[in-house]
Amino acid sequence: MRQHKNGYGAALGRQRKVEICVFKKNWVFGVVAGLVIFGAGFWAGGKERVAGIGQAIAATAPAAGVSKTLLFEAVRSWDGTEYGAYPTGNADIKIVKIVIPPNSRLASHTHPMPNIAYVHKGSLTVKSERDNQEQHLTQGDFLAEMVNKPHYGYTDSEGAELLIVYCGVTGQELSLSAQ
């Protein structure tokens, strides 16, 4: 279990699907699939539903050599704010790859839904505009992003590549300008 500065842990693993398939080609896609499972579980009924998915996995007799690892779990964003209820509507889960060039600053923005970012390459610092709190992320880190709070990210000379899982509803924007 990898501990972050804010005390929320994240463990890396290769679990891909609820059926306990192991995705051996590229573990990054296993991470993303695990995030989708997490988001879908929350969408279907909150923390209790995610626990239910874990129980369903545990009840299935795994093949020899198969293991499961919780990749990431969050009930609050990186600044400690608890996530509220999801908006009503049809679930729309998206996975987006964002490449941020070296020495760049993203525009200030908000997210109307919970999302989880995974730093695939490079490093990124995320800064809250409300209290100037910062979180520095490097390759392999996860971040439970803030909802409806203005923030931005910036890179150093390395740049960054992120994989982000957004758990929203049909027609909902992934981010909104905070300007």
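Using UniProt numbering, you'd call the opening residue of the sequence shown number 1 and step up by one each time. Heads up, the beta-carbon is just placed ideally off N, CA and C, and yes, glycines get one too.
Taking 8 Å as the CB-CB limit, is residue i close to chain B?
| i | result |
| --- | --- |
| L106 | Among the protein chains of the structure shown there is no chain B, as only one such chain exists. |
Taking the beta carbon of residue i as the centre, do at least 16 other beta carbons fall within 10 Å, making it buried, or is it exposed?
| i | result |
| --- | --- |
| S177 | exposed |
| I164 | buried |
| A117 | buried |
| G171 | exposed |
Taking the alpha-carbon of residue i as reference, which of the options has the nearest alpha-carbon?
| i | options | result |
| --- | --- | --- |
| D141 | K127, L162, E129 | L162 |
| L143 | R76, L106, G65, P150 | R76 |
| D79 | E158, Q135, I98 | Q135 |
| Y83 | E129, N115, I164, K127 | N115 |
| S108 | V66, N132, S157, I164 | N132 |
| L106 | K121, K68, G168, G159 | G159 |
| K97 | K68, H120, T170 | H120 |
To the nearest angstrom, how far is it from the Cα of residue i to the Cα of residue j?
| i | j | result |
| --- | --- | --- |
| E173 | A64 | 43 Å |
| I95 | G168 | 11 Å |
| S67 | E145 | 28 Å |
| T81 | Q179 | 22 Å |
| E73 | S104 | 29 Å |
| A91 | N148 | 19 Å |
| Y8 | L71 | Annotation note: pLDDT 38 at Y8 (below 50); position unreliable, coordinate value reported separately. If you take the alpha carbons of Y8 and L71, they lie about 12 Å apart. |
Determine, using beta carbons only, whether residue i and residue j come nearer to each other than 8 Å.
| i | j | result |
| --- | --- | --- |
| I93 | Y166 | yes |
| T138 | S157 | no |
| G153 | V126 | yes |
| T69 | S175 | no |
So residue i and residue j are in contact, right, with Cβ under 8 Å, and what is the actual spacing, rounded?
| i | j | result |
| --- | --- | --- |
| E129 | P150 | 4 Å |
| residue 181 | T155 | In the structure as shown, the chain begins at 1 and stops at 179. Residue 181 is therefore absent and cannot be evaluated. |
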